[in-house]
Structures are given as C-alpha cells and as structure tokens.
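Novice:
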Amino acid sequence: MADFLSRRDIDFLLHEWLDVTALTKRDHFAEHSRDTFDAVLDLSADIAAKLFAPHNKKGDQTQPVVRSDGSVVLIDEIKEALDAFSAAGLMAGPFDEAIGGMQLPTVVSQAALAFARAANPSTTAYAFLTMGNANLLAEYGSQEQIDTWVRPMLEGRYFGTMCLSEPEAGSSLADITTRAVRTPDGTYRVTGTKMWITGGDHELTENIVHLVLAKAPGGGPGVKGISLFIVPKFLPDGTRNDVALVSLNHKMGNHATTNALLNFGDGTHPVAGGEGAVGYLVGEEHKGLAYMFHMMNEARMAVGLQASATGYAGYLASLEYAKQRTQGRPVGNKDASVRPVPLIEHADVKRMLLAQKSYVEGGLALGLYCANLVDEARTGADGERDSAHLLLEVLTPIAKSWPSQWCLEANSLAIQVHGGYGYTTEFDVEQYYRDNRLNAIHEGTHGIHGLDLLGRKVVMQDGAGLALLVARIGETIDRAAATDYAATQAGALRRAVQRLQEVTAILWSADELATTLANASVYLEAVGHVVVAWLWLEQLLVVSDNQGSFYDGKRAAAQYFFTYELPKVGPQFDLLASLDRVTVEARPDWF
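Structure (structure tokens):
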C-alpha cells in the first residue's frame with residue numbers, strides 16, 4: 001500500500017522553510033527542541049500507520065447504527081485508535097502544561113495531526129473537534145470549567161462537539177431558535193434542535209461535551225442575542241442530561257464519523273428541577289458567537305488541512321499505481337512487440353500527477369503557514385503578534401476553501417490516473433474523493449467564505465489586512481527577482497498581485513454592495529491561486545540550487561503551478577473588473 005503522507009515534505013516545510021526550531025528560543029516553547037518535534041512526528045506517523053489507516057476502508061463500509069436503546073455502535077478499531085492517540089499525549093499537544101498539555105507549537109501539532117488526517121479522516125474528526133472544543137474553553141471558560149471539562153478532553157476521557165446549525169437555519173446563525181433560560185442556581189435550561197453535529201453521539205468516551213449556541217432573553221435580535229453554553233451528555237454527578245439523539249445522518253463520505261440530529265430538552269432524559277437540558281454559560285451572555293468563532297476559525301483551518309491531507313493520500317496512491325501499472329507504448333512507437341510502459345511514462349499522466357502534487361503540497365504549505373501564524377500571534381513580539389493575527393484573519397477563508405476545492409480536484413485526478421479501477425471500491429481513491437467532497441461544505445461553503453474574504457477581510461481596518469498580505473508577497477517577490485532561477489515566476493506573481501489590488505479597488509467602487517459581492521466566490525478562487533503561487537515561490541526559494549529528486553520534484557511542481565494554474569486568474573480578474581451583474585439580475589422564474 002502506498003504511503004498516505006510524505007514525511008520528507010513535512011520535514012521540508014517545517015524545518016527548511018518555516019524553521020520551526022527557532023520557536024524554541026521563546027520562553028513558551030523553551031523546553032522543546034528539534035528532537036522533541038521529530039519524536040512527536042515519528043509517533044504520530046507510527047500511530048496513524050498502525051491504528052488509523054488499517055480500518056479506514058472498514059469504517060467506510062460499516063457505518064454507525066443506533067441500537068434500540070439509543071446507543072450508537074461503531075467498529076471497535078475507532079476507539080482503539082483514538083485511545084492510543086490520547087494516551088500518546090497527542091490530543092493535548094498544543095495546550096499549556098498548566099492544564100495537562102505538551103505546550104507544542106500549533107504548527108508542529110497540526111503537522112503531526114496531518115498523518116492521522118491522511119490515514120483516516122473519519123476517525124480523526126472525533127479528535128480534532130475535541131481539540132477545538134477544549135481550545136475554546138481554555139481561552140474563554142472559567143477555571144472550574146477548565147478543570148471539569150477541558151482536562152478530561154485532553155486525557156481522551158471526554159470528547160467534544162460544536163452545535164451551531166439547525167434544520168431550518170443552516171448557516172444563517174441569526175435565525176437559530178434554540179433557547180436558554182437562566183435558573184436560580186445559575187445554570188441554564190436549554191431547549192432546541194441542532195443538525196449536522198459531527199461526533200454528536202457515540203460510546204467512545206465517558207462523556208460528550210457539546211458547545212451549544214442558543215439565545216438567552218434580553219439579547220436583542222439576530223446574532224446579538226446568541227450565547228454559548230456547555231451542555232454535556234452527562235452532568236458532573238453522572239446524571240444523564242436531557243440531550244437526545246434523534247437520528248444519524250448518512251453522508252456520502254466520512255461514514256465512520258457519527259453525524260447527528262440532536263434534541264436538547266425534549267423530555268427524553270428529563271433532569272430534576274425544571275424543563276430542558278442543563279447548560280453552563282461560557283463567558284458572558286450574548287457574546288456566544290464571538291467565542292464560538294475561536295473554535296470556528298480553528299475548525300476552518302483544520303478543514304483545509306484535512307482537505308490537503310486527503311488529497312495528499314490520493315496523490316500518493318495514484319503515484320504508486322502509475323509506477324506499477326503498465327499500459328500503452330511511447331508516442332510514435334507502433335511496434336506491438338515492444339512491452340507496455342508504466343503509466344507514469346506518459347505525458348498526460350505526468351500532467352495529472354504534477355497537478356495533484358502542486359495542489360496538495362501547496363495546500364499543505366498554506367495550512368502549516370497559517371498554523372505558524374497562530375504561534376506568532378500567541379508568542380511573538382508585540383508588533384509581530386498583531387501582524388500575525390491580522391494576516392491570519394485574511395488568510396483563514398482561503399486556507400479553508402482553496403484546499404477544499406483544489407485538493408478535491410486532486411482526488412478526482414487520482415481516480416482518472418487509475419482509469420476504470422479508480423471507480424471501484426477495491427481501490428482507495430474513490431473513497432478519498434467521497435470523503436474530501438464534504439470539506440467544501442464543512443465550516444461554510446465557498447460562497448460564505450468568498451463573502452467573508454471580499455466583504456470583510458480585505459477591507460477590514462481600512463484595508464490593512466490586504467495591504468499586509470500584499471506586502472508579505474512583495475517581500476518574497478523581491479527576493480525571488482534577484483535570483484537566476486525564480487525571477488520569471490517572481491515577475492508573473494508581481495503582475496498577478498498588481499491586478500488583484502486593481503480589481504479589489506474596482507469592486508469596491510461599485511455603487512451597490514450587491515454588485516461588489518456578486519462574484520465573491522470567483523474572487524476567493526482567484527486570490528487563493530495568487531496566495532498559493534506565493535507559497536510555491538517561497539518553496540522555490542528554499543529549494544534554491546539543492547540537488548536530488550525531492551528538490552527536482554519541488555521545482556517541477558512550482559513550474560507547473562506558475563505555467564498551468566496562475567494564468568487562470570487573468571480571466572477571473574477580468575470578469576470581476578467588468579462588474580457583471582447576471583448573477584444578481586437573474587430571476588427565479590428563468591431557471
């Protein structure tokens with residue numbers, strides 16, 4: 001079986017490009033070294049290979065079921081893998097030592113988690129949601145809440161979820177109807193229904209810590225009334241809370257991850273003292289959405305990294321297949337007696353492999369760059385922290401959506417490389433595609449993130465975020481322009497960045513907001529390609545004149561991206577500059 005992630009590429013990105021060992025000079029990471037970072041990566045890769053990868057297909061083919069007593073049945077291997085993950089301390093990796101963590105840099109923790117993501121996204125989902133849940137509570141929860149809920153999550157005894165969407169509200173959180181009413185003892189009683197809750201119910205752990213958005217009285221309309229509550233499956237004294245599994249949703253991929261419709265406070269498991277599920281307020285009333293964005297933004301980066309990892313697994317599977325499978329003969333050779341050559345000898349197959357390589361390695365670089373910004377925003381010097389936070393704000397919608405689009409395309413190409421076999425369940429690539437297709441929906445659609453990028457992020461603080469991104473790219477361009485091996489790519493990227501600035505100004509000069517935002521998804525895609533081209537140029541500078549197959553492969557992937565992909569943004573920017581309104585003016589009865 002092919003490897004599912006390149007450790008050599010991880011080492012290149014972490015050590016040759018991002019120089020993560022330099023973080024150990026900071027007090028927060030002073031107890032770590034290159035050796036401890038590599039040990040965590042080795043351990044993660046080993047657990048992923050031995051305990052996550054082997055049941056990926058079995059989990060896909062054996063979906064969760066609900067027993068008559070309401071309990072959920074999963075294959076045993078899922079718990080075995082997650083127990084080992086937690087026991088190794090990987091759940092606690094980036095958390096402070098004071099609450100039981102390893103105090104690893106986020107970038108190292110995310111690189112380590114990438115092995116599990118590539119090996120088995122369904123099983124990994126339980127872990128990464130728990131880590132996001134715990135991270136939010138570590139930031140905004142009280143000390144009692146940290147001791148009661150976060151510590152058991154970091155130990156792997158409890159898992160966590162995020163409960164935002166509802167059957168009728170979907171992504172429109174202003175329209176949620178879940179309610180929370182304060183009781184005399186200071187707790188709240190929560191009633192409502194939540195949909196699409198990943199990890200919403202299971203028997204993997206002692207407890208499930210749901211973070212629930214609900215509206216408390218007095219908060220005003222829309223999102224202003226939203227508060228955030230801890231609503232556990234079991235209360236601290238062991239009493240079953242009034243959280244009921246209504247049904248499991250069965251998605252096209254990630255079959256082994258439970259996805260639930262949950263009722264809170266419907267009387268299925270009544271708790272003495274009033275009606276509703278018992279909830280504990282996080283922070284202050286009516287500030288819940290701001291708190292939840294801490295987890296949502298972390299989850300958005302996680303979704304992008306998951307998309308990159310799944311695309312990477314498909315790429316390596318198709319690469320191995322192309323090397324082994326023989327078919328056809330060299331172009332121009334009509335001699336039937338000549339033995340067929342491996343698929344990888346054909347130019348079009350190499351094109352598909354180069355495309356995959358440029359997408360998945362570019363997506364992984366983007367995700368780890370953003371993870372590194374998290375560390376900068378937390379532990380850098382004062383001015384550096386502000387800049388890192390601002391740049392991360394701008395990049396987050398791209399880090400979520402670009403890999404979800406283009407690493408899915410990598411999975412599509414992996415199927416194509418396999419030919420007819422790629423469509424069969426005997427080969428892994430069809431499952432990779434199904435699993436990865438979900439990431440375009442997880443944590444917001446491309447449309448939502450396009451509106452976020454164009455409507456908020458590039459104009460925030462009077463355009464300071466976009467100006468910072470342009471400046472960072474410009475620094476890379478200037479360094480590359482001074483070389484004899486990256487000057488051409490630097491020139492192409494400089495022109496693309498100039499066009500990006502011009503088009504952004506044109507879009508915001510429109511008289512109507514609907515016109516400005518009409519094609520925000522196209523804007524997101526174009527800017528995403530510019531950003532990934534930047535990160536390929538960064539990698540090309542690191543490669544420099546280093547010799548060997550690994551570096552030659554990096555050069556080829558960078559050349560592919562600049563030759564085949566970056567030019568796509570030209571027509572996209574032209575369309576955006578035209579301020580076309582067909583999507584605004586089209587009437588429902590035309591369809």
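Note that the sequence shown covers residues 1 to 591 in full-length UniProt numbering.
We put the beta carbon where it would ideally sit given N, CA and C, even for glycine.
Since the structure is predicted, the reported quantities are computational estimates derived from the model, not experimental observations.
Looking at the unbroken alpha helix (DSSP H) that takes in Ile78, where does it start and where does it end?
Specialist: Asp76 to Ala87
Novice: Anyone know if the C-beta pair for Ala48 and Ala119 falls short of 8 Å?
Specialist: yes
Novice: If we ignore side chains and look at the alpha-carbon of each, how far apart do Phe95 and Gly89 end up?
Specialist: 10 Å
Novice: Indicate the three-state DSSP secondary structure (helix, strand or coil) for Met301 in the structure shown.
Specialist: helix
Novice: What number of angstroms, rounded off, separates the C-alpha of His55 from the C-alpha of Gly311?
Specialist: The straight-line gap from Cα to Cα measures roughly 18 Å.
Novice: For the putative contact between Gly362 and Phe561, defined by C-beta atoms under 8 Å, what is the C-beta separation to the nearest angstrom?
Specialist: The beta-carbon separation of Gly362 and Phe561, rounded to 7 Å, stays under the 8 Å limit for a contact.
Novice: On the DSSP letters alone, give me the boundaries of the alpha helix (DSSP H) that Gly362 sits inside.
Specialist: Where Gly362 is concerned, the enclosing alpha helix (DSSP H) stretches over Ala347 to Thr379.
Novice: If we count Cβ pairs, one from each stretch, closer than 8 Å, do we get three or more for the stretch 473-490 versus the stretch 520-528?
Specialist: no
Novice: How many Å lie between Lys554 and Ala125 at the Cα?
Specialist: 30 Å
Novice: Could you check the C-alpha separation between Asp76 and Ala388 for me, to the nearest Å?
Specialist: 42 Å
Novice: Report the rounded CA-to-CA distance for Arg587 versus Arg581, giving the unit in angstroms.
Specialist: 12 Å
Novice: Cα separation between Tyr423 and Cys163?
Specialist: 35 Å
Novice: Give the DSSP-derived three-state secondary structure of Gly192 in the structure shown.
Specialist: strand
Novice: Within 10 angstroms of the Cβ of Trp590, are there 16 or more other Cβ atoms? Answer buried if so, exposed if not.
Specialist: exposed
Novice: What is the DSSP secondary structure of Ser227, reduced to helix, strand or coil?
Specialist: strand
Novice: How about Leu566 and Ala514: are their beta carbons less than 8 Å apart?
Specialist: no
Novice: Do Leu34 and Thr21 have their CB atoms nearer than 8 Å?
Specialist: Looking at the sequence provided, one finds Arg at residue 34 rather than Leu. Contact: yes.
Novice: From Ile78 to Asp60, what does the alpha carbon distance come to, in whole angstroms?
Specialist: 12 Å
Novice: Express the C-alpha separation of Pro64 and Thr257 in angstroms, rounding to a whole number.
Specialist: Each residue's Cα considered, the two are about 8 Å apart.
Novice: With C-beta atoms as the reference, is Thr396 less than 8 Å away from Met301?
Specialist: yes
Novice: Contact between the stretch 348-363 and the stretch 400-409 is defined here as three or more beta-carbon pairs at a separation below 8 Å; is this criterion met?
Specialist: yes
Novice: In whole angstroms, give me the CA-to-CA distance for Asp375 and Asn249.
Specialist: 36 Å
Novice: Using beta-carbon positions only, say whether Gly219 and Ile230 come within less than 8 Å of one another.
Specialist: no
Novice: Count the C-beta pairs between the stretch 273-292 and the stretch 134-150 that are closer than 8 Å, then say yes if the count reaches three, no if not.
Specialist: yes
Novice: Would you mind working out which of Thr563, Ser172 and Asp201 sits nearest Thr130, comparing C-alpha positions?
Specialist: Asp201
Novice: Apart from the five residues on each side of it in sequence, which residues of its chain come closer than 7 Å, Cβ to Cβ, to Met1?
Specialist: The predicted model places Met1 with a pLDDT of 41, which falls under 50 and marks its position as unreliable; any figure quoted below should be read in that light. Counting only Cβ-Cβ distances below 7 Å, and skipping sequence neighbours, we find nothing.
Novice: Return helix, strand or coil for Phe264, following the three-state DSSP convention.
Specialist: strand
Novice: Residues in its own chain within less than 6 Å of Thr178 by CB, not counting five upstream and five downstream?
Specialist: Gly192 and Ala214
Novice: Please list, in chain order, all residues of the same chain as Thr187 whose beta carbon is under 7 Å from its beta carbon, the five residues on each side excluded.
Specialist: Val278, Gly279 and Tyr280
Novice: Leaving out five residues on either side along the sequence, give the residues of the same chain with a beta carbon under 6 Å from the beta carbon of Arg385.
Specialist: Ala377
Novice: Leaving out five residues on either side along the sequence, give the residues of the same chain with a beta carbon under 8 Å from the beta carbon of Val72.
Specialist: Pro64, Val65, Val66, Asp201, His202, Glu203, Leu245, Leu248 and Thr258
Novice: Do Leu154 and Gly100 have their beta-carbon atoms positioned less than 8 Å apart in this structure?
Specialist: yes
Novice: Is Thr476 near Glu393, with beta carbons less than 8 Å apart?
Specialist: no
Novice: Whose CA, out of Glu409, Pro217 and Val503, lies closest to the CA of Leu454?
Specialist: Nearest option by C-alpha distance: Val503.
Novice: When we look at the beta-carbon of Lys457 and count the other beta-carbons within 10 Å, is it buried (16 or more) or exposed?
Specialist: buried
Novice: Considering Cα atoms alone, identify which of Asp69, Leu43 and Gly156 is closest to Ala114.
Specialist: Leu43
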